[in-house]
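Q: Going by the numbering used here, the letters in the sequence shown line up with residues 154 to 357, in that order.
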Amino acid sequence: MASTTNKIALFIDGANLYATAKTLGFDIDYKRLLKEFQSRGTLLRAFYYTAIIEDQEYSSIRPLIDWLDYNGYTVVTKATKEFIDASGRRKVKGNMDIELAVNAMELAEHIDQMVLFSGDGDFRSLVEAVQRRGVRVTVISTIASQPPMIADELRRQADVFTDLVELQSKLGRDPSERPAPRDRGARGHMPKFLQEPKGNEPHD
Numbered sequence: 154m155a156s157t158t159n160k161i162a163l164f165i166d167g168a169n170l171y172a173t174a175k176t177l178g179f180d181i182d183y184k185r186l187l188k189e190f191q192s193r194g195t196l197l198r199a200f201y202y203t204a205i206i207e208d209q210e211y212s213s214i215r216p217l218i219d220w221l222d223y224n225g226y227t228v229v230t231k232a233t234k235e236f237i238d239a240s241g242r243r244k245v246k247g248n249m250d251i252e253l254a255v256n257a258m259e260l261a262e263h264i265d266q267m268v269l270f271s272g273d274g275d276f277r278s279l280v281e282a283v284q285r286r287g288v289r290v291t292v293i294s295t296i297a298s299q300p301p302m303i304a305d306e307l308r309r310q311a312d313v314f315t316d317l318v319e320l321q322s323k324l325g326r327d328p329s330e331r332p333a334p335r336d337r338g339a340r341g342h343m344p345k346f347l348q349e350p351k352g353n354e355p356h357d
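1) From what residue to what residue does the beta strand (DSSP E) around Ile161 run?
2) Hey, would you say Ala199 sits closer than 7 Å to Leu187, going by beta carbons?
3) For Val313, which of helix, strand or coil comes out of DSSP?
4) Could you give the distance in angstroms between the alpha-carbon of Asp286 and the alpha-carbon of Arg215?
5) Can you tell me whether Thr173 is buried or exposed, with buried defined as 16 or more other CB within 10 angstroms of its CB?
6) Quick check: what's the CA-CA separation for Asn248 versus Asn159?
7) Is Asn169 buried or exposed, if buried means 16 or more other CB atoms sit within 10 Å of its CB?
8) Does DSSP put Ser322 in a helix, a strand or coil?
9) Using 8 Å as the cut-off, can you tell me whether the region 179-186 makes contact with the region 315-329, which would need three or more C-beta pairs spanning the two stretches below that distance?
10) Val288: which of His263, Gly225 and Thr195 sits nearest, CA to CA?
11) Considering Val283, what are the terminal residues of the alpha helix (DSSP H) in which it resides?
12) So if DSSP puts Ala239 in a beta bridge, which residue, or which two residues, is it bridged to?
13) Please classify Ala297: does DSSP put it in a helix, a strand, or coil?
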């Protein structure tokens with residue numbers, strides 16, 4: 154049985170986790186995810202970070218964000234910015250690294266364990282800084298994909314690396330909960346909040 158004195162905080166890079174789970178062929182059940190880490194100690198915070206396109210009439214990720222907000226997660230969002238790159242192509246930028254890093258540093262003195270759901274190598278320095286404050290850091294991503302979804306430097310820096318594929322039975326949504334494609338537009342379809350966001354890619 155997990156010690157209740159183990160104070161935990163989750164930091165979920167939404168786009169990165171979605172892409173990792175998609176690569177492994179399953180969907181995350183966020184209710185099960187929360188319960189899993191509540192069973193491992195005292196879960197102080199569960200942050201979920203994602204960028205959203207505000208000028209869209211409907212954002213496919215909005216129902217998920219709303220559900221998370223009402224069900225134990227602290228959701229941190231930022232509007233994406235559009236720009237034209239050097240070749241004249243339209244690009245969308247929505248990086249949440251700074252927001253995640255600030256929250257992690259603020260909580261470091263209050264937690265024993267940080268669990269980071271991301272494979273982004275930019276977080277290596279953050280992990281090192283949090284470790285210097287006596288916090289154990291677990292990073293969850295995957296090396297089961299080709300190429301691996303986690304940067305080697307982040308994996309090396311973590312106290313513990315857990316492959317997401319090993320957690321599929323605990324965090325994955327039951328495939329039987331998915332409606333048949335022809336039923337998705339019908340009444341009684343799967344609640345939209347259970348559908349994963351589309352169009353988000355992990356950032357560098």
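Quick reminder that beta carbons are idealized off the backbone N, C-alpha and C, glycines included. Every value quoted in this text rests on a predicted model; they were computed, and no experiment measured them.
A: Short version:
1) Lys160 to Asp166
2) yes
3) strand
4) The question names Asp, yet the displayed sequence has Arg at residue 286. Taking the straight line from one Cα to the other gives about 35 Å.
5) buried
6) 30 Å
7) buried
8) helix
9) yes
10) His263
11) Arg277 to Arg285
12) Beta-bridge pairing links Ala239 to no other residue.
13) coil
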